[in-house]
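Report on the following structure.
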Amino acid sequence: VDEILGKNPGLAMQFIHLLASGLHNKEEQLVELAYHSVRKRLATTLLRMAEINQENHFKISRDDLAAMAGMATETVSRTLSDFKDEKLIEKKGSEIQLLDEGKLRKMKN
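Numbering (the numbering used here), first residue to last: 21 to 129.
Dropping the structure here:
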């Protein structure tokens, strides 16, 4: 690896940027876990999933969503139900569709 990166400075820079980006994302997740409300954390996680998938709908299990948001599965279920009642999302099985990204973003900020 050292030899390859030494011979390809551009590749080395891309690798450094990739590592820095991953570190920054983890830092944001830790701050969210420590300081943000349940609704805010779940809204942030849903928006992050939409960004990753480049779609406003995606499939994810409640357990995986809970792990990503740093919440109990039951809390995720209750909060998703609240979001559905507020017409922020639509949920069918493991499929979630964001209906009002603007309100979710306001919640995030």
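Just so it is clear, CB atoms sit at the ideal spot from N, CA and C, and this is done for glycine as well.
Small disclaimer: the values here were computed from a predicted structure and weren't measured.
**Request:** Quick one: using the 10 Å Cβ neighbour count with 16 as the cut-off for buried, is R61 buried or exposed?
**Result:** Within the sequence shown, residue 61 is the residue found at index 41, counting from 1. The residue is buried, with at least 16 neighbouring Cβ atoms inside 10 Å.
**Message:** Can you look up Q74 in the DSSP assignment and give me helix, strand or coil?
**Reply:** On the sequence shown, residue 74 is found 54 positions in, with the first residue counted as 1. The three-state secondary structure of Q74, taken from DSSP, is coil.
**Limits of the beta strand (DSSP E) - the one that E115 falls within** = Counted from its first residue, the sequence shown places residue 115 at position 95. 115-118 is the extent of the beta strand (DSSP E) around E115.
**Message:** Beta-carbon within less than 6 angstroms of L85's beta-carbon, same chain only, minus the 5 sequence neighbours each way: which residues are those?
**Reply:** As a working mapping, residue 85 is identified with position 65 in the sequence shown. Only residues of its own chain outside the window of five on either side were considered, and among them V96 have a CB closer than 6 angstroms to the CB of L85, listed in chain order.
**Prompt:** How about K104 and K111: are their beta carbons less than 8 angstroms apart?
**Reply:** Taking the sequence shown and counting its residues from 1, one reaches residue 104 at position 84. Taking the sequence shown and counting its residues from 1, one reaches residue 111 at position 91. Yes, they are a contact pair.
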